[in-house]
Structures are given as structure tokens and as C-alpha cells.
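Peer 1:
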Amino acid sequence: MGQILHGSARKQRLKIAVALARRLDEMLLIDFRLGTRWVDLEQDRAPVPE
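Taking the working numbering, I'd label the letters of the sequence shown as residues 2 to 51.
Shown next as C-alpha cells:
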């Protein structure tokens with residue numbers, strides 16, 4: 002009985018950890034996209050030497 006409870010608590014913690022990791026991943030991905038978009042805008046504004 003105690004073993005089962007312990008196992009389910011561990012699963013719950015793992016689930017929370019995975020959810021947090023995913024959310025952090027998404028935030029980083031959004032940051033990365035905004036960063037690359039910002040770089041693109043900067044390059045577009047700068048005159049291109051030919």
C-alpha cells in the first residue's frame with residue numbers, strides 16, 4: 002500500500018517535471034524565434050554592400 006502511494010507520488014512529480022520542462026522549452030523556442038526574427042529585421046534595415 003505504502004509502495005503504491007510512493008510510486009504514484011513519484012509519477013505525479015515526474016509528470017509535473019515534464020510539464021515544466023515542456024513549458025520552458027516552448028518559452029525558449031519562442032525567444033529563439035523572436036531573436037532570429039529581430040536579426041532578420043536588423044539585416045533588412047542595414048544596407049547590403051555589393
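We treat Cβ as the ideally placed atom computed from N, Cα and C, and that holds for glycine.
Express the C-alpha separation of residue 15 and residue 9 in angstroms, rounding to a whole number.
Peer 2: 10 Å
Peer 1: Any heavy atom of the ligand GTP inside 6 Å of the beta-carbon of residue 26?
Peer 2: Although the ligand GTP was asked about, the structure shown includes no ligands whatsoever.
Peer 1: Given this structure, state the Cα-to-Cα distance separating residue 31 from residue 41, to the nearest angstrom.
Peer 2: 15 Å
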